[in-house]
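Asker: Okay, here's the structure, questions in a sec.
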Amino acid sequence: MIKGTVTGLGKMGLSHAAIVSAHQKVDMVAVCDTSSLVLNAFNKFSKVKTYTDYQKMIDGEKPDFVVIATPTKFHYPMVKYALENGVHVFCEKPFTLTTRQGDELTELASRKGLVNQVGFHNHFIGTFRELRRLLGENVLGELVHFSGEAYGPVVTREKGSTWRSNSSEGGGCLYDYASHVINLIQEIIGRPQKIKGTLLKSIYSKGVEDAVFSLLQLESGLTGTLLVNWSDETYRKMSTSLTVQGKNGKIICDATEIKIYLKKAVPSEKLEKGWTIKYITDFAIPVDFYLRGEEYSAQIDSFVDCVDKKQQPQYNTFEQAKYTDAVIEMILEDAKK
Amino acid sequence: MEKVLFGDNQFFAVNHLSDEKSRAQSIRFKDDSSIIRVLDQSISLGINTFMCTTHDRIANICEHIRQNPGGYKNYKIYPCMPYAHKYANAVTELGIAGTIKKYVPGNIFGTFAKGGMAYLNKDFVKLMELLVDAEMKMFTGISTPVIFIQNVLVDLILGLKMYDVFAAYDSYIRKKYNSEPGYITMNMPALVDALNVVGIENPVICSSINKIGFRMAGGKEIYEKYLREKEFRPIAMQVLAAGALQPREAIEYIARFPKIESVLFGASTKAHIEETKNLIEANLF
């Protein structure tokens, strides 16, 4: 059995812990958090060992891997300690607070030959994979525009502060919400290289932005928009989409469906002229354990598989996550202009 | 349990296939009266069980039922708790301890005076009971023969292998509410095994069961094996696989498993409700 551990038992951490624990190839040996309430629950109802000191957990358990789901400012020291001790790392997004830290961790993981993955789970949703594949097959012809969007009801009134309302700790809509969209744009359409204008808007929060509107230019020269707002309660939960327009049509893709409009049919893909709608039911990635969405299990399955086979993941490496952090830095820089 | 259970996803903008449709639903069911109208239509077609989440708006529906007892004589509600987004958003904002403080009924901290949190910190079963009571409050005076835990919570506990929590829930629901405990899950075979481990026999389990294996973790084959061989009381949901299947072929698949006691479905129009109900009754049982 592969020995797994989880640190940071908030919403994402508990969800990861359940998925790791249910994994047939993994023995979840320990968890770590500072909340006595959560740890007491583990002590009472499960056989998993509990720690309040992360380093002691790594030293004491010598696990094969650790899942790090603590607030962003702790990612750098925790990832570093794990890598220095030869432990494979799955880290929540966003990766780190500065690209300098990200560079160092990427280099360290590569030098040690350790599996490294970051939790940009949208890449494990079948519709987004299909979009990437269709763009690879060039069904839209020459691309002319894209739009990456995410909306949801995270901050819908003025209220007290947590680490999420502090931008220097990785709070705010840009780090938390927009990072998902930037990462999708970057891996599916192309890497943003230049920011041509930015609006960061605080709606209810003090000190951080609740909405990010930015104009991006990719390496290819293609330009498009990033439109993200986490203070929009017309959405029941986070809703993320990519729209790509080409000279031969348009694709609108979200977590549940992919809508394709073509001016000319693409017979090799059996795509007719006009609209074709495809649903997630055709693309969902099969999983052995389900909690909140196939993508959360599928990303851990992929990570565990890489640890097992000692190979690097195809999706969401530190290097890719670091690039997303770099784009966030570029946007912040641009917003100051 | 009745053969046909009416669900509530359509009322609360839950659509697993399309964000656009979910928005249209949210516009259509803006008023409680529009929900009540569809419920009344389902009753007129002979569906007497409403299986619903403990969403804030359900409290208003319950109030309507209490105010108009004549129209809901044999009506039953199967509550499904908790309404997960409420807690998930609170955990992001307040952390786990903060969420408990927010949702445990106010007097609890009075009751346990100084050591409210410290007390709960040791007695998780008591905490669970308090949260169940808080969620159940809206159903006072309404028949609730089966009380479910939502899949997010069931599957979290299942994954963490904290099976004793199921045992505590099971005994509390029987003792306090004189109801049958039910479990919603996306991992039916694993849950059947886990409940058996803690001595829960023949449990009511609601899970996705459909011809294309959608949201059936572990795969269709093991689901089919459990539906044939294991002792439990299955309720099938997502039988249309979020709309990917035609009603007839979907129901014909369900009919292959005589053990399935009920089918849960939701619809927004009388014609749709009638069509699905007739199909279920013609093919099942």
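If you read the protein sequences in the order shown, they are chains B and L.
Using numbering that gives the first Met the number 0, the final residue of the first sequence is 336, and nothing's skipped along the way.
Using numbering that gives the first Met the number 0, the final residue of the second sequence is 284, and nothing's skipped along the way.
Even glycine gets a Cβ: it sits at the ideal position worked out from N, Cα and C.
1) Do B:Ser219 and B:Gly248 have their C-beta atoms closer together than 7 Å?
2) For the beta strand (DSSP E) containing L:Asn195, name the first residue and the last one.
3) For L:Ala96, which of B:Leu8, B:Arg156, B:Arg132 has the nearest alpha-carbon?
4) For L:Met80, which option in L:Tyr102, L:Cys51, L:Asn177 has the closest C-alpha, if you only look at C-alpha atoms?
5) Relative to the C-alpha of B:Ala68, which residue among B:Pro62, B:Val88, B:Glu294 is closest?
6) On the criterion of 16 or more Cβ atoms from any shown chain inside 10 Å, does L:Asn340 qualify as buried, or is it exposed?
7) B:Thr95 to B:Leu13, Cα distance in whole Å?
8) Quick check: the Cα distance between B:Lys321 and L:Tyr71, rounded to an integer number of angstroms?
9) Does DSSP put B:Asp185 in a helix, in a strand, or in coil?
10) Given B:Ile279, which residues of its chain have a CB within under 8 Å of its CB, disregarding the five upstream and five downstream residues?
11) Listed from N- to C-terminal order along the chain, which residues in the stretch 149–179 of chain L have their beta-carbon within a distance smaller than 9 Å of any beta-carbon of chain B?
12) Compare the C-beta of B:Ala264 with all C-beta atoms of chain L and state if any pair is closer than 7 Å.
13) Looking only at its chain, what residues have a beta carbon closer than 8 Å to the beta carbon of B:Pro312, apart from the 5 residues adjacent to it on each side?
14) Do you know how far the Cα of B:Ala40 is from the Cα of B:Asp32?
15) So what's L:Thr52 in DSSP terms, helix, strand or just coil?
16) Taking only runs of the beta strand (DSSP E) that begin and end inside the stretch 141–224 of chain B, which ones reach a length of at least 3 residues, in chain order?
17) Under the DSSP definition of a beta bridge, which residues are partnered with B:Thr239?
18) So what does L:Arg232 bridge to, in DSSP terms?
19) Quick check on B:Asp253: does DSSP put it in helix, strand or coil?
20) With which residues is B:Pro266 paired in a DSSP beta bridge?
21) Please list, in chain order, all residues of the same chain as B:Gly140 whose beta carbon is under 6 Å from its beta carbon, the five residues on each side excluded.
22) Assign B:Glu271 to one of two classes, buried (16 or more other C-beta atoms within 10 Å of its C-beta) or exposed (fewer than that).
23) Within a Cβ cutoff of 6 Å, which residues of the same chain sit near L:Phe5, ignoring the five residues on either side of it in sequence?
24) Three or more beta-carbon pairs under 8 Å between the stretch 211–225 of chain L and the stretch 243–257 of chain L, yes or no?
25) Between the stretch 57–69 of chain B and chain L, which residues of the former have CB atoms less than 8 Å from a CB of the latter, in chain order?
26) Are L:Gln245 and L:Ser207 touching if we call contact CB-CB under 7 Å?
27) Since B:Thr323 is in the alpha helix (DSSP H), which residue starts that stretch and which ends it?
28) Can the beta-carbon of L:Leu194 be found closer than 7 Å to that of L:Pro188?
29) Answer yes or no: does any C-beta atom of chain L fall closer than 7 Å to that of B:Ser213?
30) For the pair the stretch 178–185 of chain L and the stretch 52–67 of chain B, tell me if three or more CB-CB distances fall below 8 Å.
31) So, under 8 Å CB-CB, L:Val262 and L:Ala235 are touching, yes? Tell me the CB distance rounded to an integer number of Å.
32) For B:Ala81, collect the residues of the same chain with a Cβ closer than 7 Å to its Cβ; drop the 5 residues on either side in sequence, then sort them by chain order.
33) Between B:Tyr176 and the rest of its own chain, which residues show a CB-CB distance below 6 Å, the 5 nearest in sequence each way excluded?
34) Does B:His144 pass the burial test, meaning 16 or more other C-beta atoms within 10 Å, or should it be called exposed?
35) Whose C-beta lies closer than 8 Å to the C-beta of B:Glu60 among residues of the same chain, with five residues either side of it excluded?
36) Measuring alpha carbon to alpha carbon, tell me which of L:Gly218, L:Glu230, L:Ser32 ends up nearest L:Glu260.
Answerer: If we stick to the structure as given:
1) no
2) Looking at the DSSP string, L:Asn195 is not in any beta strand (DSSP E); the run it does join, the alpha helix (DSSP H), is 187–196.
3) B:Leu8
4) L:Cys51
5) B:Val88
6) No information on residue 340 of chain L is available, as it lies outside the stretch 0 to 284 that chain L covers here.
7) Take the alpha-carbon of B:Thr95 and the one of B:Leu13: they are about 21 Å apart.
8) Going from the Cα of B:Lys321 to the Cα of L:Tyr71 covers about 59 Å.
9) According to the sequence provided, residue 185 of chain B is Gln. The question's Asp does not apply to it. B:Gln185: helix per DSSP, three-state reduction.
10) Ile124, Gly125, Thr126, Ala254, Thr255, Glu256
11) Asn150, Val151, Asp154, Leu155, Ile156, Leu157, Gly158, Leu159, Lys160, Met161, Tyr162, Asp163, Val164
12) Closer than 7 Å to the CB of B:Ala264 there is not a single CB belonging to chain L.
13) So the qualifying residues of the chain are Val114, Asn115, Gln116, Ser301, Phe302, Cys305.
14) The alpha-carbon of B:Asp32 is positioned some 12 Å away from that of B:Ala40.
15) strand
16) 142–150, 191–200, 210–217
17) DSSP, once it has assigned bridges, lists B:Ala149 as partnering B:Thr239.
18) Its beta-bridge partners are L:Val203.
19) Note: B:Asp253 maps to strand in three-state DSSP.
20) Note: B:Pro266 sits in no beta bridge, so no partner.
21) These residues qualify, in order along the chain: Gly245, Lys246, Asn247.
22) exposed
23) Ser41, Ile46, Phe49
24) yes
25) Near chain L, meaning a CB-to-CB distance below 8 Å, no residue of the stretch 57–69 of chain B qualifies.
26) no
27) Per DSSP, B:Thr323 belongs to the alpha helix (DSSP H) from 317–335.
28) no
29) no
30) The stretch 178–185 of chain L vs the stretch 52–67 of chain B: no contact.
31) 5 Å
32) Ile57, Val65, Val88
33) Ala149, Val227, Trp229
34) B:His144 comes out exposed.
35) Lys2, Thr4, Val28, Ala29, Lys48
36) L:Glu230
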